[in-house]
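Colleague:
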Amino acid sequence: DAIPEETIRIRTLNGSPNQTAFGTMTAAWPGVWTDDHRLRGIACTYAEFEGVDAEDFAKVYPEGAQTSVRILARLSRVYDPRTGETAWSENAALCMLDYLRHADGFPGITTADVDLASFGAFANVCAQGVPLRAGGSQARYRLGGTYSLQDDPVDVLHSMQATCDADLYLTPEGKIGVRGGVWQPPTVTITDRDILSFDLSEGTDKLAAFNEVKIVFRDPKASYQPNEAPAWRNTVDQAARGQIVEDLTLDMVQWPAQAQRLAKIHAHRM
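The numbers in the numbering used here rise by one with no breaks, and the one at position 82 of the sequence shown is 755.
#1: Is phenylalanine 890 helix, strand or coil by DSSP?
#2: Measuring alpha carbon to alpha carbon, tell me which residue in Phe792, Arg711, Arg713 is nearest lysine 848.
#3: Out of Thr860, Leu822, Asp840, which has the shortest C-alpha to C-alpha gap to glutamine 853?
#4: So, alanine 904 versus valine 926, is the Cβ gap smaller than 9 angstroms?
#5: Quick check on DSSP: helix, strand or coil for valine 918?
#6: Using the three-state DSSP reduction, which class does arginine 942 fall into: helix, strand or coil?
#7: Helix or strand or just coil, what does DSSP make of alanine 700?
#8: Please classify isoleucine 888: is it buried, with 16 or more other beta-carbons within 10 angstroms of its beta-carbon, or exposed?
#9: Counting pairs of Cβ atoms below 8 angstroms between the region 756–766 and the region 794–810, do you hit three or more?
#10: Near isoleucine 949, what residues of its chain come up, given a Cβ to Cβ distance below 8 angstroms and the 5 sequence neighbours on each side ignored?
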């Protein structure tokens, strides 16, 4: 027999100011969930799963009791200091700026604490078109992902910085600035007249240096679960010393070409 319609019901609200309560919930819990429970300002999803005959269970619910609902959504609207507008964006610089200013990110930081000019300049770097081997181009640094309110804000920010090789720093005015992503020619030359003293220390042993970066990113083709991108390799060094692998996890990168660019930067910096 055919599986009855409406076996699985999924309803989504986008947080609009005029949305109404889920009718199925007000009917199921009268007096508990009322018409006033509209969840305005909150994007949310209601899912209801009906029971089915035993012979149909594995077909309808292949994950059994672990069945989950996965949502692909455009979430936060972020502020762009270059235009003064607020809109959804994957630009890594704008997403970091939003998290720094957001009450769920760093509540002690306000817009006045941030060097908006540096974030605007870095947003231009993130938006630069980078040619792809297969043809076409993509923005240099995009960011896509979610975080839990139980996550350490510093860890979340580090995941965001990893999407674009970003370095946060304090400006002379005591504000938070951002830089990185691409090589910039120096603006100051330090000569021996500027050096009062110096220290020398031994760096990384060449024999300990890696020559392959194993990259893990969030793969859209695997339902945004962690997956491996093609590894970055120094084939010349591998021919001389063999394969020495380093792991690089990019939780908020969804594009393999971007992941490989970041792996190359990581390898050269290390």
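The beta carbon of each residue, even a glycine, is placed where N, CA and C say it ideally should be.
Fair warning: this is a prediction, and the values are worked out from it, not measured in the lab.
Modeller: In short:
#1: Note: phenylalanine 890 maps to strand in three-state DSSP.
#2: Per the Cα distances, Phe792.
#3: The identity of residue 853 in the sequence shown is glycine, whereas the question assumes glutamine. Comparing Cα positions, the closest option is Asp840.
#4: Valine 926 sits away from alanine 904, with the two beta carbons spaced by 9 angstroms or more.
#5: The answer is strand: DSSP assigns valine 918 an E or B state.
#6: Helix, per DSSP.
#7: Residue state, collapsed to three classes: helix.
#8: Buried: at least 16 other Cβ atoms inside 10 Å.
#9: Proximity of the region 756–766 to the region 794–810 meets the contact definition, three or more beta-carbon pairs being nearer than 8 angstroms.
#10: Outside the displayed span of the chain (674 to 943) sits residue 949, for which this structure offers no information.
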